[in-house]
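Participant:
There are 2 protein chains.
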Amino acid sequence: MVSLRQLRYLTALAEAGNFRRAAAACHITQPALSTQVQLLEEGLGVSLVERGRRGAVMTAAGEEVVRRGRAILEDVEAIEDYARGMRDPFTGPLRLGVIPTIGPYLLPDLMPDLNRRYPALQLFMREEQTERLLDSLREGRLDLALLALPVPGDDLESAVLFEDRFLVAAPPGHPFAKADTVDLGALADESLLLLEDGHCLRDQALAVCALDGPVNEGDFRATSLATLVQMVASGLGVTLLPEMARRREAGTDGRLTIRPLTPPEPGRQIGLLWRRTSGRKAEFRELAGVISEVHAAQLT
Amino acid sequence: MVSLRQLRYLTALAEAGNFRRAAAACHITQPALSTQVQLLEEGLGVSLVERGRRGAVMTAAGEEVVRRGRAILEDVEAIEDYARGMRDPFTGPLRLGVIPTIGPYLLPDLMPDLNRRYPALQLFMREEQTERLLDSLREGRLDLALLALPVPGDDLESAVLFEDRFLVAAPPGHPFAKADTVDLGALADESLLLLEDGHCLRDQALAVCALDGPVNEGDFRATSLATLVQMVASGLGVTLLPEMARRREAGTDGRLTIRPLTPPEPGRQIGLLWRRTSGRKAEFRELAGVISEVHAAQLT
DNA sequence: TAAAAATACTCCATAGGTATTTTAT
DNA sequence: ATAAAATACCTATGGAGTATTTTTA
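Protein chains in written order, with numbering that gives the first Met the number 0: chain S, 0 to 299; chain A, 0 to 299.
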């Protein structure tokens, strides 16, 4: 009869590569782990591990059992998370990943609010680009991710938080300053500064422009929105700035002219994501509501 | 710490509705089950069961844990199935469901072949309509289903076995007999006899016709292809007959005229389905190959 | 021959059984 | 009052520890 304990030990063995280290990781002794792995092999009637001078290597069957075992152990954890959420929601550790083009603008308002609302919640933040966040989320290193939708795959669920439009940022003396809005077509004649590759915001900005013709992209690619804004302020070109960055990046010193686009673009959709199998969906949905509120309050 | 044992007992309790019967189902005594359920509640810190004079009722949290627990137990079973398949493939019980418009034509050739190839395989057959087969498959009462693709949902995987074209069957003296093929458009002027509702073949036949105009459906709806053919032979109308039924239903006594359609229709696609989480995919894929072969041999 | 895993054996935690009490209607 | 579940208590299984042997490159 297969037990969770056996699956735990086998997956630890697959990760550690040898019995002694795996046993240490499980806080038991090597013979204890050996025995359970043997019992599992016996119970399944299949050899799962090849023992050699240089440690333990999974057989093909072993790999498959580890793969399935990991999923099962995750589901069991999800039950425990779910129960914890039922017992006392919004307590304990919560690992939230955010993309760099949201973090600096939303978190300064969000974190104090969350700490006030849920004093027992221990928020661990991690700022990375979409790809890495999704990997971390899928592999259980994160509980939540805050990023721009949509994301592919049906193993993740999301709540839409708000829409974040693009504004045009230009140097103060720029012709764009003369009108109340900037025509989308006018961007084609400008040197457009964007973020470096890997930022989803870069692709979204390009998508907005490409709707209206070729992009005359500047030679420099910024590593952050803050840098990008500095480049614009220095007269190197113009850029598309997400609305949520306006308050912090625009400043009040007149070094930047900011105008809305005509016609108004739909902008990027910001969402909160979690694993479909997560046990804390109810909490996450409530959190999504709070984040929406904080963002709305921020704009007023 | 949650254990599989505790999940098993809790799901048994949810199904039985009271502790004594649940315990009996688990082949243990009532106190043993009571203890484990209590330990689970204690471990999760959540009340899962409401105890009353009339037995046990799950709380909302209990329902959720049962739901998740069932999935976990299924996955554990899948590991065991997978291992069994590794150890000695094609042995033991295999529950195969087939739709009635495939079974009678494929199984008479398939069953002896499978028995010869895999003498240790114990095939249990079940003939039902698509909807019921899919339910049974999803709920684990079947291991495999043999039916017409596509089917909705990503919880099932399939292998395409072969294409099964439609032929036109008419009474011997019918004008259709004069030509080598029947024009699809000509069907609109005929009384078209079809199976009763619920048979996917009925919908597929209607789809083929609807490509080329309205259907003049006869008043009778047959409960099986065999009946349908009898009705056609009696001169009540014409029908669309799947190619795989030809050999058995056409007979050689000249009571039926069978002609291909022009233009040739793609026909229905026959596939073998299993749960995505099944542990015996390798065997199932090999079985799919065998079925394809048997069908191909049947046509020659 | 040296590192790694398996075996031998002992101990203790825990699952399960029997008898009985408590609870709920 | 009575069926149902919980509790008390005992037993047996099995998981883990220590010491040691066997395996393998």
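Where is the CB? At the ideal position from N, CA and C, for every residue including glycine.
1. Please report how far the alpha carbon of Glu-285/S lies from the alpha carbon of Asp-153/S, in whole angstroms.
2. Can you have a look at Ala-13/A and say buried or exposed, based on whether 16 or more other CB atoms are within 10 angstroms of its CB?
3. CB Val-1/S to CB Val-1/A, shorter than 7 Å?
4. What residues in its chain sit with their C-beta under 6 Å from that of Arg-247/S, if we drop five residues either side in the sequence?
5. Entirely within the stretch 34 to 67 of chain S and at least 4 residues each: give me those alpha helix (DSSP H) ranges in chain order.
6. In the DSSP assignment, what residue or residues form a beta bridge with Asp-182/S?
7. Kindly indicate which three-state DSSP category Gly-234/A falls into: helix, strand or coil?
8. Between the Cα of Pro-174/S and the Cα atoms of Ala-204/S, Pro-149/S and Gly-234/S, which residue gives the shortest distance?
9. Could you tell me which of Val-293/S, Arg-4/S, Ala-296/S and Arg-279/S sits nearest to Arg-94/S, measuring between CA atoms?
10. Across the stretch 64 to 78 of chain S and the stretch 25 to 38 of chain S, are there enough close Cβ pairs to call them in contact, namely three or more that are closer than 8 Å?
11. Inspect the CB distances between the stretch 156 to 165 of chain S and the stretch 258 to 265 of chain S and report whether three or more fall short of 8 Å.
12. Across which residues does DSSP place Ala-144/S in a beta bridge pair?
13. Chain S partners of Arg-86/A, CB-CB under 8 Å?
14. Given that a residue counts as buried once 16 or more other Cβ atoms are within 10 Å of its Cβ, and exposed if not, what is Thr-100/A?
15. State buried or exposed for Ala-168/S, treating a residue as buried only when at least 16 other CB atoms are found within 10 Å of its CB.
16. With a threshold of 16 other CB atoms inside 10 Å of the CB of Glu-49/S, please say whether the residue is buried or exposed.
17. Look at the Cβ atom of Leu-272/S, then the Cβ atom of Ser-135/S, and state whether they are nearer than 7 Å.
18. Which residues of chain A have a Cβ atom closer than 7 Å to the Cβ of Ile-71/S, listed in chain order?
19. At a CB-CB cut-off below 9 Å, which residues of chain S make contact with Ile-78/A?
20. Measuring only the C-alpha atoms, how far is Ala-178/A from Asp-202/A?
21. Tell me the residue span of the alpha helix (DSSP H) that contains Leu-194/A.
22. Can you check the stretch 101 to 164 of chain A for any beta strand (DSSP E) of at least 3 residues that lies completely inside it and give the ranges in chain order?
23. Just mark Gly-266/A as buried or exposed, buried being the case when its beta carbon has 16 or more other beta carbons within 10 Å.
24. Taking Asp-153/S as the query, report the chain A residues whose CB atoms sit under 8 Å from its CB, ordered along the chain.
Facilitator: Checking against the coordinates, here is how it stands:
1. For the purposes of this step, residue 285/S is taken as residue 286 along the first sequence, with counting starting at 1. For the purposes of this step, residue 153/S is taken as residue 154 along the first sequence, with counting starting at 1. Cα to Cα, Glu-285/S sits roughly 21 Å from Asp-153/S.
2. Sequence index remark: in the second sequence, residue 13/A carries index 14 (1-based). Answer is buried; the Cβ neighbour count reaches 16.
3. In the first sequence, residue 1/S corresponds to position 2, counting from 1. In the second sequence, residue 1/A corresponds to position 2, counting from 1. It is not a contact, given that the beta carbons lie outside the stated cut-off.
4. Taking the first residue of the first sequence as 1, we reach residue 247/S at position 248. Counting only Cβ-Cβ distances below 6 Å, and skipping sequence neighbours, we find Tyr-104.
5. none
6. As a first step, residue 182/S is located in the first sequence; it is residue number 183 there, counting from the start. DSSP, once it has assigned bridges, lists Thr-261/S as partnering Asp-182/S.
7. In the second sequence, residue 234/A corresponds to position 235, counting from 1. DSSP places Gly-234/A in coil when its eight states are reduced to three.
8. On the first sequence, position 175 is the one that residue 174/S refers to. Taking only the C-alpha atoms, the option nearest Pro-174/S is Gly-234/S.
9. Taking the first sequence and counting its residues from 1, the one referred to as residue 94/S is at position 95. Out of Val-293/S, Arg-4/S, Ala-296/S and Arg-279/S, Arg-279/S has the C-alpha closest to the C-alpha of Arg-94/S.
10. no
11. yes
12. Start at 1 with the first residue of the first sequence, and residue 144/S comes out as number 145. Answer by DSSP bridge pairing, in chain order: Gly-96/S and Leu-272/S.
13. One-based indexing of the second sequence puts residue 86/A at position 87. Within 8 Å Cβ-Cβ: Leu-43, Gly-44 and Val-45.
14. Residue 100/A sits at position 101 when you count from the first residue of the second sequence. Thr-100/A comes out buried.
15. The count along the first sequence starts at 1 and reaches residue 168/S at position 169. With 16 or more Cβ atoms within 10 Å of its Cβ, Ala-168/S is classed as buried.
16. Start at 1 with the first residue of the first sequence, and residue 49/S comes out as number 50. Classification for Glu-49/S: exposed.
17. One-based indexing of the first sequence puts residue 272/S at position 273. One-based indexing of the first sequence puts residue 135/S at position 136. No, they are not a contact pair.
18. Here residue 71/S is taken as the residue at index 72 of the first sequence, counted from 1. Here the neighbours are Ile-71, Asp-74 and Val-75.
19. Numbered from its first residue, the second sequence carries residue 78/A at position 79. Within chain S, the residues near Ile-78/A are Val-1, Leu-6, Leu-43, Glu-63, Val-64, Arg-67, Gly-68 and Ile-71.
20. Here residue 178/A is taken as the residue at index 179 of the second sequence, counted from 1. Here residue 202/A is taken as the residue at index 203 of the second sequence, counted from 1. When rounded, the distance between both Cα atoms is 27 Å.
21. Start at 1 with the first residue of the second sequence, and residue 194/A comes out as number 195. Not the alpha helix (DSSP H): Leu-194/A falls in the beta strand (DSSP E), residues 191 to 194.
22. 120 to 126, 143 to 148 and 155 to 163
23. For the purposes of this step, residue 266/A is taken as residue 267 along the second sequence, with counting starting at 1. So Gly-266/A ends up on the buried side.
24. Here residue 153/S is taken as the residue at index 154 of the first sequence, counted from 1. The answer, in chain order, is Asp-153.
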